[in-house]
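Numbering follows the numbering used here, in which position 64 of the sequence shown is assigned residue number 66; successive positions increment by one, without gaps.
Read the structure below first, then the notes.
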Amino acid sequence: MLFLRHAVATALALLSVSASAAQSPADVVGALDALTSVSLSLQTAANNINELSGATGIIGAGAFPDVSEGIERTIHSANELASANRDTQPLPASPDATKIVNAYTKFLDEHRKFWIILTGKSGALTNLLIGPPIIVYSKQLAQAIDILVFSLSDMVPSEADNLQAKATELYSTLRDAEEQYSRNPATIIANGALVRRHARDIAV
Numbered sequence: 003m004l005f006l007r008h009a010v011a012t013a014l015a016l017l018s019v020s021a022s023a024a025q026s027p028a029d030v031v032g033a034l035d036a037l038t039s040v041s042l043s044l045q046t047a048a049n050n051i052n053e054l055s056g057a058t059g060i061i062g063a064g065a066f067p068d069v070s071e072g073i074e075r076t077i078h079s080a081n082e083l084a085s086a087n088r089d090t091q092p093l094p095a096s097p098d099a100t101k102i103v104n105a106y107t108k109f110l111d112e113h114r115k116f117w118i119i120l121t122g123k124s125g126a127l128t129n130l131l132i133g134p135p136i137i138v139y140s141k142q143l144a145q146a147i148d149i150l151v152f153s154l155s156d157m158v159p160s161e162a163d164n165l166q167a168k169a170t171e172l173y174s175t176l177r178d179a180e181e182q183y184s185r186n187p188a189t190i191i192a193n194g195a196l197v198r199r200h201a202r203d204i205a206v
């Protein structure tokens, strides 16, 4: 999906330009807006998932490779943004602080919508090598967002509670996705195979 790749490239470019110095409010807003663009394109990719694309995802066809790439890049970009924020001085309550919070809120809202769509597609993603990684992605994303929230809270301390509350909404959605995919028959089969393999290794 060309739009997804363009959005990802934009997010990475924005971060690479500003990562070497303290972030300005405009830098942070630009990076968050780019992540929002990735999330919007992920929604489109997730909506395109069907039984055929789910079955062919293992060979790099269908919509799932775009979803996988987009999630990985979101995790990477969120971590990069958090790292770039380290040398930024805290902002008082101000229009700049409000712009950062609004951009962050929009990003999390759109990314949460993507995960809601992806959760609804669990029935189509029955391939043994697709279902389980989604749970891993969810956990990795939660960790990345957690780090990002802390960095933004340091930057706009007056909005720390609001930032955390919005992240909590996403965490709840991610837990729903993990629960849904853990009940996916393919995931259950894959987990059972791992348990049996581990038992054999212990026996040896």
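Even glycine gets a Cβ: it sits at the ideal position worked out from N, Cα and C.
query	result
Buried or exposed by the 16-neighbour rule on C-beta atoms within 10 Å, applied to Val138	exposed
Where the alpha helix (DSSP H) through Pro92 begins and ends	It is not in any alpha helix (DSSP H) - Pro92 carries neither H nor E in the DSSP assignment.
Rounded straight-line distance, which links the Cα of Ile147 to that of Gln208	Because the chain is modelled from 3 through 206, residue 208 falls outside the range shown and cannot be assessed.
Runs of beta strand (DSSP E) wholly within the stretch 101-162 (minimum 3 residues, chain order)	none
Coil, strand or helix - Leu165 by DSSP	helix
Three-pair Cβ contact test at 8 Å for the stretch 32-39 versus the stretch 74-82	yes
Beta-carbon proximity check, Leu172 vs Leu83, cutoff 7 Å	no
Rounded separation between Gln45 and Asp89 - CA only	33 Å
For Gln182, the three-state DSSP class (helix, strand or coil)	helix
Cβ pair Val103, Glu161 closer than 7 Å	yes
CB-CB length for Gly179 against Ser140, believed under 8 Å	In the sequence as displayed, the identity of residue 179 is Ala instead of Gly. Confirmed, about 5 Å.
With 16 other Cβ atoms within 10 Å as the buried cut-off, status of Thr170	exposed
Within 7 Å, strictly: CB atoms of Glu112 and Ser41	yes
Three-state class that DSSP yields for Ala24 in the structure shown	coil
Buried or exposed by the 16-neighbour rule on C-beta atoms within 10 Å, applied to Asn52	exposed
Nearest neighbour of Ser96, chosen from Ala144, Ser184, Met157 [CA to CA]	Met157
Contact belief for Phe66 with Leu127 at Cβ below 8 Å, rounded distance in angstroms	7 Å
Closest by C-alpha distance to Ile149, when choosing among Thr100, Ile73, Pro27, Ala86	Ala86
Buried versus exposed call for Gln25 [16 or more other C-beta atoms within 10 Å across all chains shown]	buried
Beta carbon of Ala48 nearer than 7 Å to that of Phe116	yes
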